[in-house]
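All remarks here apply to the structure that follows.
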Amino acid sequence: MERANREGILLRGNATEPKTLDPHVATGVPENHIITALMEGLIAYHPTDNTAIEPGMAESFETNEAGNVYTFHIRDAKWSNGDPVTAHDFDYSYRRVLTPALACEYVTMLFVVKNAEKYFKSHSEPIPGEEPMAWEEVGIKALDDKRLQITLKAAMPYFPQMLKHYSWFPVNPRVIEEHGGISSRNGQWMRVGNHVTNGPFRLKEWKTNQILEVEKNPDYWDADNVKLNGIRFFPIESADTEERLFQAEQLHLTYMVPLHKLDLYKAENPELLRLDPYLGNYFYRVNVTQGGPLSDKRVRRALALSIDRESLTNNTLKGGQTPAHNFVPPGIKGYPTNEFLSYDPQEAQRLLAEAGYPGGEGFPTFEILYNTRDDHKTIAETIQQMWKQTLGLNVQIINQEWKVYLDAQSNLEYDVSRAGWIGDYVDPYTFLEMFTTGNGNNDTGWSNARYDEIIRTAPLAGDDIKRFAMLEEAEAILMDELPILPIYIYTLPYLIHPSLKNWNPKLLDNRNMKYIWLEQSGE
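With the sequence shown counted from 1, adding 52 to any position gets you the working numbering.
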């Protein structure tokens, strides 16, 4: 580690092999860690403040009097291949996100833009005899090389916060076109030697399931203020393995902490342990499309009410997590936290009997799917036992490697699946919008017309009081239908070496990596 500190190379555990480095295809946290080191959007992350606006590729912006038209002024910046970063790159990138053939799971993030949803649907579900909508009708326009104008459906004060998410990052049009075109998902442009970045780091090495390394990008507009010379991301799925590497000073930062080691670190090495607040919900998705008992909301409520969340968080997790009695985590100013769920084994048993399965009689064996990780396994085993004891259900647990697990969720090839959702920005909309019909992140098969209508119209409410009231109604529908089973509100437990500096707690765990640095011995 002394050598890594001397050379300015951050060594961090990153849980698993990334599925992609394409910001318009990615969905996971491990991918986010890498993409945000390589790429930069219009707005960047502030080093300490969760909601502050930090200039990125846009050195400034202004809005019209109505608050629905944003004009961004693109700074003098270059891609790592020497191309200038222009407003046209953003125009191309957002058209790419809205291209149905790309199948961007975050495409609905851009539906706040005027005519973006209509454009997407006219190309994904064309009406015979009608021409699909022209791109020029969408509220995204490069006025010239330096000015990008975005027109929203309505005034949305939280819009600049959304731009921090990687789905709004640009890609280099020339490189994309050279490697398959605007709708290509083959990933060839992401490979070492092909990858082009506009962020503080560039891709140096990628050995599958071993290491992904990035190095300082000399063409980055603010390269003089990037303190690290590189970052090495290690895909380590075992918390025990990761902790041993940390103790051997082969990692500055872990992704997780073994559950059985938390009390030890709290007692003996509290300076190495972080338990940061984290705006996220750990939950189980339920596949409601199979036609069996899981399609009955009484059964889903029985499953939800038979989870003893207090016991799970206090006796199993021990990382400061709190029971999730709803879906939207607390801490969003102005949005109420309602208790929709509790631990009620008697009511759970009554509901299961009402659905035709008294004491679990006649209920088919089903599976809990989780991505390979020790804590997910422990949680699944704990809930498996709760459902057996309370409801008499036979539940099997099955794990899959990260990429396979993501595909299984997307293809609805599961019964119940472990899931987590970290806010993309600090607003309840980022938690509720994904359960609309056909949303790429829904992955439950659930659909509710009233819910869809609320989510569609909430951004047009005019003020947060009205908007939050609408979203509260939507959350109540979600918690009545229960295509998901909330389990706990996250904290972020991890281990950090004392030489890693300026690593501040962040509610979304998103950091501008140019502000991070390593202290050498003796400093």
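The beta-carbon is built from N, C-alpha and C at its ideal position, and this holds for glycine as well.
Around the C-beta of residue i, are 16 or more other C-beta atoms found within 10 angstroms, so that it is buried, or is it exposed?
i, result
"Ile517", "exposed"
"Ile288", "buried"
"Ala453", "In the sequence as displayed, the identity of residue 453 is Glu instead of Ala. Result: exposed."
"Asn556", "exposed"
"Gly134", "exposed"
"Glu294", "buried"
"Thr260", "exposed"
"His312", "exposed"
"Gly408", "exposed"
"Ile95", "buried"
"Gln213", "buried"
"Val380", "buried"
"Pro143", "Per the sequence shown, residue 143 should be read as Asp rather than Pro. Counting Cβ neighbours within 10 Å, Asp143 comes out buried, since at least 16 surround it."
"Gln441", "exposed"
"Asp515", "exposed"
"Thr100", "exposed"
"Asp561", "buried"
"Gly232", "exposed"
"Asn333", "buried"
"Pro538", "buried"
"Val244", "exposed"
"Glu83", "buried"
"Ile179", "exposed"
"Ala67", "buried"
Which whole-angstrom value describes the C-beta separation of residue i and residue j, a residue pair presumed to lie in contact below a C-beta threshold of 8 Å?
i, j, result
"Val164", "Pro511", "6 Å"
"Arg563", "Tyr272", "16 Å between Cβ atoms; not a contact."
"Ala129", "Asn250", "6 Å"
"Val447", "Gln461", "At roughly 18 Å, the Cβ-Cβ gap does not stay under 8 Å, so Val447 and Gln461 are not in contact."
"Arg284", "Glu301", "So it is not a contact: roughly 14 Å between Cβ atoms."
"Phe286", "Glu267", "Their Cβ separation, rounded to whole angstroms, is 16 Å, which puts Phe286 and Glu267 out of contact at 8 Å."
"Val121", "Thr203", "5 Å"
"Gly65", "Tyr307", "4 Å"
"Ala47", "Leu393", "Coverage of the chain is limited to positions 53 through 575, which leaves residue 47 absent and any answer about it impossible."
"Asn378", "Asn367", "Actually they are not in contact, since the Cβ atoms of Asn378 and Asn367 sit about 22 Å apart, beyond 8 Å."
"Leu559", "Leu305", "Going by Cβ atoms, the distance from Leu559 to Leu305 rounds to 18 Å, so no, they are not a contact pair."
"Arg580", "His140", "Since the first residue shown for the chain is 53 and the last is 575, residue 580 is missing from the structure and cannot be characterised."
"Gly93", "Leu255", "That belief does not hold up - the Cβ atoms of Gly93 and Leu255 are roughly 18 Å apart, past 8 Å."
If you follow the alpha helix (DSSP H) that residue i is in, where does it begin and where does it stop?
i, result
"Thr88", "81-90"
"Ser174", "168-176"
"Tyr481", "481-484"
"Val77", "No alpha helix (DSSP H) contains Val77, which DSSP labels as neither H nor E."
"Glu433", "426-443"
"His140", "139-149"
"Thr160", "No alpha helix (DSSP H) holds Thr160; DSSP gives it neither H nor E."
"Arg55", "54-59"
"Glu533", "516-533"
"Leu400", "First, the residue type needs correcting, since residue 400 is Ala and not Leu in the sequence shown. 397-406 is the extent of the alpha helix (DSSP H) around Ala400."
"Ile228", "225-230"
"Phe211", "211-214"
Would you kindly report the start and end of the unbroken beta strand (DSSP E) that includes residue i?
i, result
"Val266", "263-268"
"Asp196", "192-196"
"Val456", "That residue, Val456, is in no beta strand (DSSP E); its alpha helix (DSSP H) goes 454-462."
"Trp273", "Counting along the chain, Trp273 falls outside any beta strand (DSSP E), and DSSP gives it neither H nor E."
"Lys256", "253-259"
"Pro545", "536-547"
"Leu297", "Note, Leu297: premise wrong, no beta strand (DSSP E); alpha helix (DSSP H) at 291-299."
"Arg237", "Taken as a continuous stretch (DSSP letters only), Arg237 belongs to no beta strand (DSSP E), as it is neither H nor E."
"Thr123", "121-126"
"Ile283", "282-286"
"Tyr503", "Element bounds for Tyr503: not the beta strand (DSSP E) but the alpha helix (DSSP H), 501-509."
"Phe113", "110-115"
"Gln201", "199-203"
"Ser469", "468-474"
"Leu421", "418-423"
Problem - Every unbroken beta strand (DSSP E) inside the stretch 308-382 [3 residues or more] - result: At a cut-off of 3 residues, the continuous stretches assigned as beta strand (DSSP E) that sit fully inside the stretch 308-382 are 325-338.
Practice task
Evaluate contact between the stretch 354-373 and the stretch 523-543, counting only Cβ atoms and requiring at least three cross-stretch pairs below 8 Å.
Solution key: yes
Practice task
Pair every Cβ in the stretch 464-474 with every Cβ in the stretch 332-340, then say whether three or more of these pairs are closer than 8 Å.
Solution key: yes
Practice task
Report yes or no: do three or more beta-carbon pairs, one from the stretch 522-541 and one from the stretch 468-488, lie closer than 8 Å?
Solution key: yes
Problem - Inter-stretch contact (C-beta, 8 Å, three-pair minimum) for the stretch 187-196 and the stretch 526-535 - result: no
Problem - Touch test, the stretch 340-348 against the stretch 421-431, Cβ-Cβ under 8 Å, three pairs minimum - result: no
Practice task
Take every Cβ of the stretch 216-230, pair it with every Cβ of the stretch 142-152, and state whether three or more of those distances are shorter than 8 Å.
Solution key: Yes, since at least three Cβ pairs between the stretch 216-230 and the stretch 142-152 fall closer than 8 Å, the two stretches touch.
Handout entry: Cβ contact (3+ pairs, closer than 8 Å) linking the stretch 66-78 and the stretch 154-169
Key = yes
Exercise for the section: Pair every Cβ in the stretch 398-406 with every Cβ in the stretch 357-366, then say whether three or more of these pairs are closer than 8 Å. Expected result: yes
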